[in-house]
Every structure is written in C-alpha cells, then in structure tokens.
Amino acid sequence: MAKKKINVMCTAFRDGFQSVFGARVHMDDFVPALEAAVNAGITHFESGGGAMFQSPFFYVNENSFENMDRFREIAGPDINLQTLARGVNVVGLDSQSSDVIDLHAKMFKKHGVSTIRNFDALNDVNNLDYSGRCIVDNGLKHEVVVTMMELPPGCAGAHDVAFYEKTLRNIIDSGLPYSSVCFKDASGTAIPKKVYETIKMAKKILPDDIPVRFHTHETAGISVHCYMAAIEAGVDGIDLSMVPVSGGTSQPDILTMMHALKGTEYDLGFDINKIREVEAVFKDCMKDYFIPPEAKSVSPVIPFSPMPGGALTANTQMLRDNDMLDKFPEIIMAMSEVVRRGGFGTSVTPVSQFYFQQAFNNVIFGPWVKFAEGYGKMILGYFGKTPVQPDPELVKLASEKMELQPTVQKVLEINDNDPDKGIEPAKKLLKDNDLDKTEENIFVVAACKEKGIAFLKGEGKVRVRKVVRSKEGAKNRSDTFMVTVDGKKYPVILKDDIITVEGQKYKIKVEEGIPDTTKSVPGPSEDTLEIRTPFPGTVIRVLSAANKRVLKNEIIMIIEAMKMETEIKAPRNGVLVSMAVKAGDSVSANQILARLG
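If you count the sequence shown from 1, you need to add 19 to reach my numbering.
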C-alpha cells in the first residue's frame with residue numbers, strides 16, 4: 020500500500036535563521052548548503068520575508084532584494100519559493116498604507132517569489148483582505164493564515180477550536196482569494212489535542228482542493244507531537260528545518276520527523292541519505308556562527324509567556340548587543356501579565372514584539388509607567404480588533420499616557436490618511452537624501468525607515484555574531500580583542516593599520532605620547548546638567564544642536580533599543596552646552612548624551 024506523502028516546506032533558510040541567529044546571516048555563507056538542498060530534491064523553500072527582509076539591511080549590510088534574486092537563481096525556475104507577510108504590516112513591525120502593501124506584492128513577485136504566506140496576529144480578517152488580494156493580483160499564490168497559540172494558564176475566551184473555526188469562516192465569507200490555508204503556531208504552545216481538532220475542523224469545512232498546512236516550533240518541546248496530531252487529522256503539509264538551525268526555537272529537523280513517521284502510513288518523500296549529506300554541508304557552512312544556547316533549548320516557561328521562537332533569539336541578540344542579557348529572565352516572566360491583559364492577540368510578530376517591548380518597559384521603568392508604542396496602540400485599537408477586549412484599566416491608562424483616544428477605525432483607513440505613510444513620503448525621503456527613487460528603494464524606506472536610508476547611503480552596519488578563532492602560529496600574539504567602552508563590549512580585530520569593529524573597517528595611526536591639551540578643556544559648571552541615556556541603544560535621530568536654546572520637554576534626540584524608539588527630552592529650559600553623540604552612535608546605559616546649561 021502506497022504511503023500518503025506529506026508535503027514539506029524547508030524553513031531552514033528563513034525561519035531557521037530567524038529562530039537561531041536572529042536572521043543575522045551572510046548569504047555567501049549558506050549558498051553551498053542551499054545548493055546541496057536543491058540537489059537533494061527539496062522543492063519547497065521558505066526563502067524570505069518576515070525578519071529576513073529587514074535584518075539584512077539592519078544587521079548584515081546586504082540588500083534583501085538582491086538576496087532574493089540570488090536565491091531564485093540557485094533554486095531554478097520551478098521550485099516553490101515562499102515568503103512570510105504580516106497582513107497590513109507586510110514585512111515590518113509597523114502597519115502600512117494601501118500603496119505600500121500593493122508594492123510589497125509587486126516587488127516580491129519581481130524578485131522571484133512564488134507564494135506568500137499571509138497572516139494577521141490579531142486574526143482580524145480586515146487586515147488580511149486587501150493584502151491577500153494584492154498578492155493574488157500581482158500573480159502570486161496566497162496562503163492565508165489562522166494564527167494559533169495556547170493562552171497562559173487560567174485565561175479563556177479565545178484560541179480554542181471554536182475561535183479558529185470562527186476565524187476560518189470569516190476568511191471564507193470575506194471572499195478574499197487564497198490557494199491554501201495554514202494554521203501557524205509561532206510560539207509552539209498549542210497542545211496536540213487542539214491541533215488535531217483544529218485541523219480536523221478545517222479539512223471538514225474547506226474544499227478538497229485547498230491544501231491545509233500546519234506550522235509550529237519546538238520552543239515548548241511538543242512540536243513533533245503536534246505535527247503527528249496534525250498528520251493524523253489529515254494535514255497536507257508541515258514545515259521542517261535542518262541542522263544546525265532545527266530544534267529548540269526552530270522547527271523540528273527533517274530527519275527527526277522522518278524517524279517519527281517510521282512504521283506509519285505517512286512519508287515525507289525524501290532520500291534520508293541525501294538529507295544527511297545536506298546537513299553535513301550546512302553545519303560546515305555555519306560553523307563560525309555563534310549559536311545562542313537559548314536557541315537550542317526547550318523552555319518550560321514558554322506556555323506561561325508565549326514567546327515565538329523566531330522572536331526569542333532576535334530579542335536575546337538585541338539584549339546581547341546592549342549588554343542587557345541578564346534582564347531576559349525577568350522580562351520573559353513579566354510578559355505573562357502583558358499577554359493576559361492585552362486582548363489575546365496571537366504571540367507572533369508584530370504582536371509578540373509588542374508583548375516583549377511592554378514587558379521590557381515594565382522591567383526597566385516599572386509596571387505600566389511607560390507604554391511601548393506598539394502595545395499601547397494595539398490595545399487602543401489602532402492595529403485592528405483584538406480577539407477579546409483588553410483590560411479596560413490598561414486601555415484607560417494607555418490613552419492617558421499616550422494622549423491617544425481608542426479607535427474602531429480600520430487600519431487601512433487610518434494609514435491611508437496618515438501623511439507620514441505611503442509611497443510619496445518615502446519618495447521625499449529618498450529625494451532629501453539624494454537617493455534613486457526606484458520601486459525597490461521606495462519599499463526599503465517604507466519598511467525600514469531611517470535604517471533603510473542609512474543602508475542605501477552606504478552607512479549600513481554589520482552585526483553578525485561569529486566565533487572568533489585564533490590563527491595557527493599566532494599562539495604568542497592576538498589580533499582579536501574584546502574591548503569594553505562605558506560597559507558595552509565590542510569585538511575588535513586589528514590587522515596592520517586596519518581595525519575592524521562590528522564589521523566596520525577603520526584605518527588607524529598610533530603614535531607615542533599624548534599632546535598636553537586637556538588642561539585647557541573646561542569642565543562642566545555647577546549649573547550644567549548632564550542628560551544621560553536610560554538604557555543602551557542606538558541614536559537614530561538628533562533633533563537639536565550645541566548652543567541651541569531648548570524648552571522643557573523638547574525632544575533632543577531619539578534612541579532605539581529593542582526595536583523601540585525612545586524620545587530623549589530636555590529636563591528643563593536651557594541652552595545645550597554640548598552634544599556628546601551623533602546619529603548612528605551606539606550608547607550604553609547612563610552614558611552622557613548632552614549637557615544642558
């Protein structure tokens with residue numbers, strides 16, 4: 020009797036990279052593994068989108084569109100290359116206007132994509148409708164998504180089979196076009212029984228010619244059980260990864276799932292020896308990359324604080340960047356309350372990031388002292404309708420602190436009326452910076468904002484974590500150092516007169532002695548007030564200058580940390596005696612930013 024083949028999408032080169040390395044990977048490094056995977060007969064890859072669109076611009080100094088073209092060239096014309104989109108957010112944390120959403124589909128079609136998996140973290144079909152139609156209208160296949168998770172213990176009102184059935188029926192009733200349906204559990208917390216019943220329900224409702232897929236992560240330790248439950252319920256396809264980016268925060272390994280299916284009536288259709296050969300090549304490709312220990316672990320606290328695997332390591336990498344990793348256990352524990360009171364949006368990007376950012380603020384500033392913009396706007400209705408009503412006390416507090424009224428207006432209506440969103444504002448930014456107004460550049464700026472501009476101007480930074488290995492024969496000397504400045508650690512490579520810091524090369528000249536000029540530098544007067552940063556981050560905009568008069572609460576600069584922008588304001592009226600930083604500078608906690616006289 021022939022076995023039923025379960026279709027597999029290989030997630031190694033998108034979700035695998037995001038879940039293990041925070042999507043900070045140079046394409047040159049993994050090309051041999053991709054070529055080996057194609058030669059082994061894998062015909063369906065997750066090739067981009069999600070964090071793998073922004074991260075190359077933010078951390079790798081590579082152009083995602085160029086990487087997408089190269090991926091298609093290696094894969095050939097017939098392989099299904101699939102990307103991930105976040106409904107009205109497309110591939111960013113912020114939601115977009117109609118013209119940018121359409122441009123997203125147009126550009127991804129142009130750069131080799133076959134299928135876009137499209138989800139909304141709130142399961143608000145209004146956020147899927149227009150984006151889904153754009154995908155189909157631009158000649159792509161649309162895989163529409165119902166997002167899943169398990170609620171923290173003691174919570175109820177959403178994320179059960181009845182809720183998923185209601186969401187699926189809303190999708191069907193909306194008339195939006197799709198070619199397949201995916202049930203996506205980014206946190207890996209949905210229990211096997213619920214997975215089985217949900218897939219069974221979907222197969223009963225949907226036509227036979229609509230494939231049903233299931234996606235999960237190993238973060239909570241039950242992914243193989245959930246995949247087996249989905250397969251027994253009749254699922255058509257699942258997502259799997261490969262060593263060294265499988266298990267832990269990622270998907271189970273292809274080999275692991277092949278082993279689990281032995282003796283059953285199901286088969287993945289792969290040659291096990293060819294997959295083993297691919298994994299050997301892949302491990303060698305990535306051998307120099309730092310693998311965070313949390314990326315390879317099962318976490319028992321995830322069901323209480325459902326953090327997606329793809330977001331967990333991205334956040335721990337940012338905490339490492341800012342020398343704040345010691346705060347992670349406290350932040351992840353604080354996240355449980357944030358989820359419980361926030362309306363039960365599925366913990367998948369961008370909502371998972373909103374949860375983490377608010378938990379971060381609650382730890383750093385005190386509970387509910389400062390609302391993260393994303394979380395505050397979400398519970399106020401600016402990203403759509405949450406599955407249940409958020410805590411009314413929090414809604415009131417967020418409205419007061421953010422000086423923003425709750426809304427029930429549709430997201431697209433809000434964004435289309437926002438003068439700062441859309442193609443025209445992006446064109447203006449390009450013009451102001453003397454950059455070409457290509458459609459690719461327009462989309463990069465719309466999705467990546469200041470960091471997109473910095474990349475296009477040639478000011479991108481490389482923040483890829485690799486293991487520094489000593490060269491043979493250099494036992495008595497070192498050209499690699501870890502330098503600590505104001506509490507922040509920097510890996511430094513020194514070779515001849517070139518020093519490399521976080522991927523950026525600088526030519527240096529070292530001379531003996533220090534000119535005796537410091538005696539003439541006056542120190543701050545008693546009336547001078549030092550303005551310091553509350554936490555580590557990166558200065559993304561400086562809005563004032565030395566010798567300029569400022570008013571109390573006037574914004575002096577904006578610092579980004581954990582994908583959040585924090586305004587640094589003047590604590591009183593005065594004149595800025597000096598500015599100690601510029602846009603693009605990394606700053607440590609309590610570092611002096613400016614002096615106010």
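Virtual Cβ for every residue (Gly too), placed ideally from N, Cα, C. Given the structure is predicted, the values throughout are model-derived calculations rather than measurements.
- Secondary-structure assignment with DSSP links residue 137 through a beta bridge to 104 and 163.
- Within its own chain, the residues whose Cβ lies closer than 8 Å to the Cβ of residue 467, once the five positions on either side in sequence are excluded, are 73, 76, 77, 111 and 474, listed in chain order.
- Within the region 148 to 228, the alpha helix (DSSP H) runs of at least 4 residues that lie entirely inside it are, in chain order, 180 to 193 and 211 to 224.
- Given a length threshold of 4 residues, each whole run of the alpha helix (DSSP H) inside the region 380 to 431 is given here in chain order: 392 to 398 and 411 to 421.
- In terms of Cα proximity to residue 148, the closest of 158, 181 and 105 is 105.
- With a cutoff of 8 Å on beta-carbon distance, residue 355 and residue 205 are scored as not near each other.
- Excluding residues up to 5 positions away in sequence, 469, 577 and 579 lie with their Cβ nearer than 6 Å to the Cβ of residue 559 in the same chain.
- Counting of Cβ neighbours within 10 angstroms places residue 37 among the buried residues, the total reaching 16 or more.
- Around the beta-carbon of residue 388, fewer than 16 other beta-carbon atoms lie within 10 Å, marking it exposed.
- A contact is defined here as three or more CB-CB pairs under 8 Å, and the region 345 to 355 meets this definition with respect to the region 371 to 380.
- Cβ-Cβ separation between residue 272 and residue 280: approximately 13 Å, too far for a contact (criterion under 8 Å).
- DSSP lists 613 as the beta-bridge partner residues of residue 598.
- With a 10 Å radius around the Cβ and a threshold of 16 neighbouring Cβ atoms, residue 213 comes out buried.
- The way I'd put it, the region 164 to 173 does touch the region 138 to 153; three or more beta-carbon pairs between them come closer than 8 Å.
- Judged by DSSP in its simplified three-state form, residue 329 adopts helix.
- Cβ contact annotation for residue 330 (same chain, cutoff 7 Å, sequence separation greater than five): 368, 371, 372 and 375, in chain order.
- Taking residue 431 as the centre and dropping the five residues before and after it, the same chain places the C-beta of 107, 117 and 149 closer than 7 Å to its C-beta, in chain order.
- Around the beta-carbon of residue 278, fewer than 16 other beta-carbon atoms lie within 10 Å, marking it exposed.
- Contact between residue 425 and residue 418 holds, since their C-beta atoms are separated by about 6 Å, short of 8 Å.
- Closest in alpha carbon position to residue 402, among 115, 230 and 68, is 115.
- Counting only runs that start and end inside the region 280 to 329, the alpha helix (DSSP H) elements of at least 4 residues fall at 291 to 304.
- Non-local C-beta neighbours of residue 176 in its own chain, meaning closer than 6 Å and more than five positions away in sequence, comprise 407, ordered along the chain.
- Between residue 381 and residue 591, the alpha-carbon positions lie close to 26 Å from each other.
- Contact check for residue 257 against residue 25 passes: the beta carbons are separated by less than 8 Å.
- In summary, residue 570 is exposed, with fewer than 16 beta-carbon neighbours lying within 10 Å of its beta-carbon over all protein chains present.
- Under the three-state reduction of DSSP output, residue 61 falls in the coil class, being neither helix nor strand.
- Of the residues assessed, residue 412 falls on the exposed side of the cut-off, its CB having fewer than 16 other CB atoms within 10 angstroms.
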